[in-house]
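According to the numbering used here, the stretch in the first sequence is residues 53 to 248, in order. Glycine residues also receive a C-beta, built at the ideal position from the N, C-alpha and C atoms. One structure is given below, encoded as structure tokens.
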Amino acid sequence: MKPTQRVLPRIYFNRPTVTVARSLIGKYLVRVLNGRTLAGKIIEVEAYVGPEDKACHASKGRTRRTDVMFGHGGVAYVYLIYGMYHCLNVVTEREEFPSAVLIRAIEIDGELIDGPGRLCRALQIDRRLNRADLTTGESLWFEDRGALVERGAVGAHPRVGVDYAGEWAKKPWRFRLRRVTSPTRTGRTKAQGGAG
DNA sequence: TACGAGATCGTCT
DNA sequence: GACGATCTCGTAT
């Protein structure tokens, strides 16, 4: 069996953005670095839906930066934020409808990598991957590894850092796995029984 | 534990 | 010239 059989295909992303976002929880983000393969279980995402969504970068129109969001689904939208950090998105829906899903947190080998900036730092994702096709199984892609995620296990919350978007900031378009597995309790016990 | 502010630069006006 | 889909550290409590 080819490894590419599990790669999420383009049609997966050519669906409503909120649907794609929620269903990406529990899937895997796979990155190839120097011949090594890193796979992280997706824990948290956010949906940015179309030109009317004031929190979506593309709501300000089609610019050099947002152009990629107007293209077809399954393509990476990577941008620099606050001059320091990168954010990884995957473009969704049909062409000419600018929308994407921001990947906010993953879990690799039981370790939670929480936050889009940290995630990109861990996987060495930067703007060189902007416009990369994420459906080819090269260097960066999404995989379905068969893990079942019950709908009730996914919480819906307002998106982070978009207060300027008014009513749109209140949309429950951030999805997060409720029970994040924490197999190791090392260092988690601070005040209680911890050594001094 | 909670809060405030600095870091740092591409993008758009 | 202003600002941002973030993160970290320092200070206060």
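Reference residue i; option with closest CA among the options
| i | options | result |
| --- | --- | --- |
| A91 | V70, P68 and L175 | L175 |
| D196 | A73, K79 and V72 | K79 |
| V301 | K106, R230, R62 and I165 | The chain is shown from 53 up to 248; residue 301 falls before or after that span and cannot be answered. |
| N182 | E104, R117, P61 and L85 | R117 |
| H124 | A152, G135, L140 and P103 | A152 |
| E104 | L132, W220 and L85 | W220 |
| R24 | E147, C139, P150 and G135 | In the structure displayed, the chain extends from 53 to 248; residue 24 sits before or after that span and is not available. |
| R211 | A205, K223, G204 and R203 | K223 |
| F122 | G102, G135, R173 and W225 | G102 |
| L48 | I133, C172, V206 and E148 | Since the first residue of the chain shown is 53 and the last is 248, residue 48 is not available in this structure. |
| I17 | G169, G162, L81 and D185 | A question about residue 17 goes unanswered here, because the residues of the chain that appear run from 53 up to 248. |
| L154 | A199, G162 and D166 | D166 |
| R88 | E190, W225, D215 and A199 | E190 |
| G113 | G213, F149 and D215 | F149 |
| P61 | D185, E163, M136 and V214 | D185 |
Cβ-Cβ distance between residue i and residue j below 7 Å
| i | j | result |
| --- | --- | --- |
| T69 | A99 | yes |
| G126 | T187 | yes |
| L76 | V97 | yes |
| F194 | R74 | no |
| I94 | I158 | yes |
| A217 | K106 | yes |
Integer Cβ distance of residue i from residue j, believed to fall under 8 Å
| i | j | result |
| --- | --- | --- |
| R179 | V130 | 5 Å |
| V143 | V120 | 6 Å |
| R146 | N66 | 6 Å |
Reduced DSSP category for residue i - H, G, I as helix; E, B as strand; rest coil
| i | result |
| --- | --- |
| A149 | The sequence given here places Phe at residue 149; Ala does not occur at that position. Coil at F149, not helix or strand. |
| A205 | helix |
| E219 | helix |
| T236 | With a pLDDT of 39 at T236, under the threshold of 50, the modelled position of this residue cannot be trusted, and the question is left open. |
| V212 | coil |
| A110 | helix |
| D119 | helix |
| R58 | helix |
| L63 | Sequence check: residue 63 is Ile here, not Leu. Correct three-state label for I63: helix. |
| T89 | strand |
| A99 | strand |
| R197 | coil |
| L76 | helix |
*In the segment 123–180, which residue ranges form an unbroken beta strand (DSSP E) of at least 3 residues, counting only runs that do not cross its ends?*
128–133, 137–143, 151–160 and 163–166
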